[in-house]
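Step one of this worksheet: look at the structure below.
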Amino acid sequence: MAELINTQNQTFSSTAKRTRVLIVDDEEMIRSLAEKILKRAGLSTIAVSSGSAAVEAMRVWGEETTLAIVDYSMSGMTGVETIQELQKIAPHLTFVVSSGHILGHEDLPGDFTAEVHFLQKPYRANQLSELALSLISK
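The letter at position 24 of the sequence shown is residue 24 when you use the numbering used here, and the numbering goes up by one with no holes.
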């Protein structure tokens, strides 16, 4: 029987197929769209609405997840804070920071060691899927 884990209104099944991409965005429409795009590209996903839910999800699926797409501006735990916490749990993760603002590495703390790529919103479906597939295949 599948074990269900509920974290801040996010429900995950521990027997779901191998997880590859974590999507973290506090906007339901963007999170849902990103999940659909990546699933259509053949990727498994976990989609959560906050940094704290992402941390909980990674405690369960950290070894199975290779890529995290994180919204830069979220209420509560920011995108940068979320990445810092996720990196402690799963140092192998590659990150994509998604934002409506033009961002670069200069917008990250100086001691930031994670591999980070940037994707500006709004993005096209092919931009997201191509970036995710290229980073996963590394």
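Heads up, the beta-carbon is just placed ideally off N, CA and C, and yes, glycines get one too.
The structure displayed is predicted, hence computed values, not measured ones.
Alpha-carbon spacing of residue i relative to residue j, whole angstroms
i: Gln10; j: Val48; result: Its pLDDT being 45, under 50, Gln10 is placed unreliably in this model, and the value from its coordinates should be taken loosely. In a straight line, the C-alpha of Gln10 is about 6 Å away from that of Val48.
i: Arg59; j: Ile89; result: 7 Å
i: Arg20; j: Asp111; result: 27 Å
i: Gln120; j: Met29; result: 16 Å
i: Ala132; j: Ala68; result: 9 Å
i: Ser137; j: Leu103; result: 24 Å
i: Leu22; j: Ile46; result: 5 Å
i: Glu113; j: Thr94; result: One point to set straight first is that residue 113 is Thr, not Glu, in the sequence displayed. Those two C-alpha atoms are separated by around 11 Å.
i: His92; j: Asp25; result: 21 Å
i: Thr66; j: His101; result: 25 Å
i: Ala57; j: Val96; result: 17 Å
One or two residues paired with residue i in a DSSP bridge
i: Ile69; result: Ile23, Val96
i: Ile46; result: Leu22
i: Leu33; result: Answer is none; Leu33 lacks a bridge partner.
i: Glu115; result: Thr94
i: Gln120; result: Ser99
Cβ-based burial, residue i [other Cβ within 10 Å; buried from 16]
i: Gly51; result: buried
i: Met77; result: buried
i: Arg31; result: buried
i: Ser134; result: exposed
i: Ser75; result: exposed
Determine, using beta-carbon pairs with one atom in the region 33-43 and one in the region 76-84, whether at least three such pairs fall under 8 Å. no
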